[in-house]
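Numbering (my numbering), first residue to last: 2 to 262.
So the structure is just underneath, and the comments pick up after that.
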Amino acid sequence: MVNVLRLNDVSYVRDRRPILDGITWSVDDSERWVILGPNGAGKSTLLKLATSADHPTSGTVEVLGERLGKIDVFELRNRIGFVSSATGRRIPPTEPVRDIVLTAAYSVEGRWNEEYEDIDVRQAERILEEWDLGGYADRTFGTLSDGERKRALIARAVMTDPEMLLLDEPSASLDLGARERLLQMLSGFAASPASPAMVMVTHHVEEVPPGFTHVLMIRDGAIQAAGPIRDTLTAANLEATFGMPFELTETGGRYAAVARP
Ligand SMILES: Nc1ncnc2c1ncn2[C@@H]1O[C@H](COP(=O)(O)OP(=O)(O)OP(=O)(O)O)[C@@H](O)[C@H]1O
Ligand SMILES: [Mg+2]
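Below, the structure is given as structure tokens:
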């Protein structure tokens, strides 16, 4: 097992308010984590530190074995796949899906005049098929549905063979069918030992892909619970995280929560 992310007593303070407070957490390459927590809990801020886009106010963050603040983060960012609603906004609407994936190999948004290697073209075709986008290669980003866009962004993120894949609410705004298809694909991807470590933020236990191994639950910037999903995703921990009692059920690796009267 190789450690890909290690936070030690991390705090992140803005406007004298602790947005993250005393976070100690580590992720190994074989692990697939879900981060659960209410709006404003600090989930996206945590991912921002994990992508090396920002530094903690105190404590240490090690990403892919490198301590933030000590190394060139640009080199590091090429080894991390990241998908959020903001990454989607940076893709030109006129960009064809094939190029969205292919340009990841060259770290640019919007195809320019690069000469692509055959090996990259073949890898892009394979990834497009894997994320059910084979028929969309020539379509432009602006014409895709939300669900298709999410898959295109994930396909782009995995094109560089990242060592860590970070997904911030990939199933937000998807319809039931699109959400279920995305969960199946994430679940299949998570199952492959060749896949990188994964960390996925969501608000809903219904969106935990089967096969994800661990859960981190945060509230007001502090960890409420962290560990293997089977022991940690409990009604008591959901209540501590979301501040109300739930009935939690699990069927075939899928979870569901409803408020307890
Ligand atoms: N740079 C900043 N300056 C001031 N406040 C910030 C900054 N970044 C984040 N915050 C605040 O920190 C809190 C946590 O934000 P964050 O985006 O991490 O939450 P989140 O858990 O991802 O929420 P959501 O589920 O709504 O996406 C929020 O109250 C947000 O307004
Ligand atoms: Mg967020």
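Positions of the beta carbon are idealized from the N, C-alpha and C atoms, including for glycine.
What you are looking at is a predicted structure, and each value in this text was computed from that prediction instead of being measured.
If you check the C-beta of Gly244 against ligand 1, you find no heavy atom less than 6 Å away.
Here Ile81 has Thr52, Pro163 and Met165 as same chain residues with Cβ atoms under 6 Å from its own Cβ, once five neighbours each way along the sequence are excluded.
Taking a cut-off of 7 Å from the heavy atoms of ligand 2, the residues with a C-beta inside it are Lys44, Ser45, Asp169, Glu170 and Val202.
Counting along the chain, Ser59 sits inside no alpha helix (DSSP H); it lies in the beta strand (DSSP E) bounded by residues Ser59 to Val64. Runs of the alpha helix (DSSP H) lying entirely within the segment 144-224, each at least 4 residues long, are 147-159 and 177-192 in chain order. Rounded to the nearest whole angstrom, the C-alpha separation of Pro229 and Phe213 is 9 Å.
In this structure Glu63 is not in contact with Ala198, their Cβ atoms being roughly 13 Å apart against a cut-off of 8 Å. Excluding its 5 nearest sequence neighbours in each direction, Val3 has C-beta neighbours in its own chain below 6 Å: Asp30, listed in chain order.
Rounded to whole angstroms, Val74 and Ser12 show a C-alpha spacing of 20 Å. Your pair Lys49 and Val202 does not check out as a contact, with CB atoms roughly 11 Å apart and the cut at 8 Å.
For ligand 1, no non-hydrogen atom lies closer than 6 Å to the CB of Ile155. Distance from Ala125 to Met160 at the Cβ level is roughly 6 Å; contact confirmed, criterion being Cβ atoms closer than 8 Å.
The segment 54-61 makes no contact with the segment 135-142, as fewer than three CB pairs between them are under 8 Å. Excluding its 5 nearest sequence neighbours in each direction, Leu234 has C-beta neighbours in its own chain below 6 Å: Val216, listed in chain order.
For Ile20, the shortest separation between its Cβ and any heavy atom of ligand 1 lies below 6 Å.
In the structure shown, the three-state DSSP call for Arg78 is helix. If you compare the alpha carbons of Ala153, Glu240 and Trp34 with that of Gly89, the shortest gap goes to Ala153. Distance from the CA atom of Glu131 to the CA atom of Val122, rounded to whole angstroms, is 14 Å.
Take Ser196, set aside five residues on each side of it, and the residues of its chain with a beta-carbon closer than 7 Å to its own are Phe190, in chain order. With respect to the C-alpha of Ile101, the residue from Phe83, Ala158 and Leu47 having the closest C-alpha is Ala158.
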